[in-house]
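Student:
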Amino acid sequence: MAADSGDGARNCGDGAAELPDSLKTFGAVLKVLREEAGLTQEEFAPRVRYSVPYIAKIEQGKRFPPRELPGRAEEPLGHVASRILAAAHRSLTRRAGLASWFRQWAGIEEEALSLYAYECRVVPGLLQPEPYIRAVCGSRLPPLTDKQLDDQVVARLERQRLLTERANTAFGFIIEQSVIERRTGGEDVTRALIDHLLDRAQLRNVQLQIMPRRQSSHAGLDGPLYLAETPQNEWVGYCEGHQSSNLLTHPMQVSTVLQRYGSMRSQALSPDASVSLLEQMRGAL
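Residue numbers (our numbering): 474 to 758.
1) Is CYS610 helix, strand or coil by DSSP?
2) May I ask you to report which of helix, strand or coil DSSP gives ALA546?
3) Does the distance from the CB of GLN740 to the CB of ALA692 come in under 8 angstroms?
4) Could you check what DSSP says for ALA643 in three-state terms: helix, strand or coil?
5) Rounded to whole angstroms, what's the CA-CA distance from ARG522 to PRO549? Just pull it up for me.
6) Identify which residue in LEU700, HIS715, ASP695 has its Cα closest to the Cα of TRP708.
7) At what residue ranges does the region 658-689 contain a whole run of the beta strand (DSSP E), taking only runs of 3 or more?
8) Assuming PHE644 and LEU588 are in contact, meaning their beta carbons sit under 8 angstroms apart, how far apart are those beta carbons, in whole angstroms?
9) In angstroms with no decimal places, state the Cα-to-Cα distance between GLN533 and ARG507.
10) Could you spell out where the alpha helix (DSSP H) holding LEU630 opens and where it closes?
11) Contact between the region 628-648 and the region 576-596: three or more CB pairs below 8 angstroms?
12) Tell me whether the region 652-665 and the region 721-729 touch, counting them as touching only if at least three CB pairs, one residue from each stretch, are closer than 8 angstroms.
13) Between LEU599 and GLN633, which are expected to be in contact by the criterion C-beta below 8 angstroms, what is the C-beta distance as a whole number of angstroms?
14) Is there contact here, the region 493-507 with the region 541-558, by at least three beta-carbon pairs under 8 angstroms?
15) Helix or strand or just coil, what does DSSP make of GLU707?
16) Quick one: grab the DSSP three-state call for ALA757.
17) Report the rounded CA-to-CA distance for SER718 versus GLU752, giving the unit in angstroms.
18) If ARG594 sits next to PRO697, beta carbons under 8 angstroms apart, how far is it from one beta carbon to the other, in whole angstroms?
19) Measuring only the C-alpha atoms, how far is VAL679 from HIS715?
20) Do you know offhand how far SER524's Cα is from PRO543's?
21) Check SER743 in the structure and name its three-state DSSP category.
22) Terminal residues of the continuous beta strand (DSSP E) containing LEU599?
23) Closest to LEU670 by C-alpha separation, out of ARG629, PRO704, PRO597, would be which residue?
24) Classify ALA701 as helix, strand or coil using the three-state DSSP reduction.
25) Suppose you measure from the CA of GLU713 to the CA of ASP695; what does that come to, to the nearest Å?
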């Protein structure tokens, strides 16, 4: 899939606070078509194989609608409604909006049965406490206004509800030790970060691993990667660079990143050893 502008999974461009009018329009159209069919969100969602909260956020213009939605909507809404949604979706995908691919990835996150992340630059967005979010986003160039910064904090914290609201989703995170030792934002921010990581690591559905500084064999040298298992038990990947991102759906691409992540799980410290290391780092501050 082609690259598009879209910082999001880890940095400061979720875009959730600056929703394009086209997303809101798509959501409004979907809501009208659903209501014309006499369906509630609770009735419609299972018939298109998405969750009720996910459909609600699409209708509110807060999530990029998946490309499968128009086709799945044909049975409950009818052929004409499906064609209307397909045309609206094509308009959305042609729009070069900031973080458009990330919005699609955010929707995948919400539906994921398993979600894995490897980071070597910053702590993954789903694990960032507010002081760390402000430190990371405050370093962004061009600089953000105070309102933009506040909006990014709200958007990031809202996403993090997935960890507790989706208790049946398995979350796995591998973070480079150097990312924490960098002390982004200073010692106080780093203390808050480590405390937050230790707290998240106690969740039964979260597995946190630290990649040690010295590692003779490392499968993640090509950079950060994200993986998600969909409700259809298919895997998709996501990666980011400077002002760009890629949603990976080709089986060969996905197989490659799955192999890399699987190898890194064996190369990183175990979850228990990772917690012990975090506690040592916290005590050293």
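Built from N, CA and C at the ideal position, the CB exists for glycine as well.
Tutor: The relevant details are as follows:
1) Assigned with DSSP and collapsed to three states, CYS610 falls in helix.
2) Look at ALA546 here: in three-state DSSP terms it is coil, with no helix or strand label.
3) When the beta-carbon positions are compared, GLN740 and ALA692 come within less than 8 angstroms of each other.
4) Strand.
5) Distance from the CA of ARG522 to the CA of PRO549, rounded to the nearest whole angstrom, comes to 11 angstroms.
6) Ranked by Cα distance from TRP708, the options LEU700, HIS715, ASP695 are led by LEU700.
7) Runs of beta strand (DSSP E) with 3 or more residues, each lying fully within the region 658-689, are found at 679-684, listed in chain order.
8) Confirmed, about 5 angstroms.
9) When only Cα atoms are considered, GLN533 and ARG507 end up about 13 angstroms apart.
10) LEU630 -> alpha helix (DSSP H) spans 619-632.
11) Proximity of the region 628-648 to the region 576-596 meets the contact definition, three or more beta-carbon pairs being nearer than 8 angstroms.
12) No, the region 652-665 does not touch the region 721-729.
13) That pair is a contact at about 5 angstroms.
14) Yes, the region 493-507 is in contact with the region 541-558.
15) In this structure, DSSP gives GLU707 a state outside helix and strand, which the three-state scheme calls coil.
16) The answer is helix: DSSP assigns ALA757 an H, G or I state.
17) When rounded, the distance between both Cα atoms is 34 angstroms.
18) The beta carbons of ARG594 and PRO697 sit about 6 angstroms from each other, so the pair counts as a contact at 8 angstroms.
19) Each residue's alpha carbon lies about 28 angstroms from the other.
20) Straight through space, the alpha carbons of PRO543 and SER524 are spaced by roughly 16 angstroms.
21) In this structure, SER743 counts as coil in the three-state DSSP scheme.
22) No beta strand (DSSP E) contains LEU599, which DSSP labels as neither H nor E.
23) Closest by C-alpha distance to LEU670, out of ARG629, PRO704, PRO597, is PRO597.
24) It is a strand residue.
25) GLU713 and ASP695 have their C-alpha atoms roughly 11 angstroms apart.
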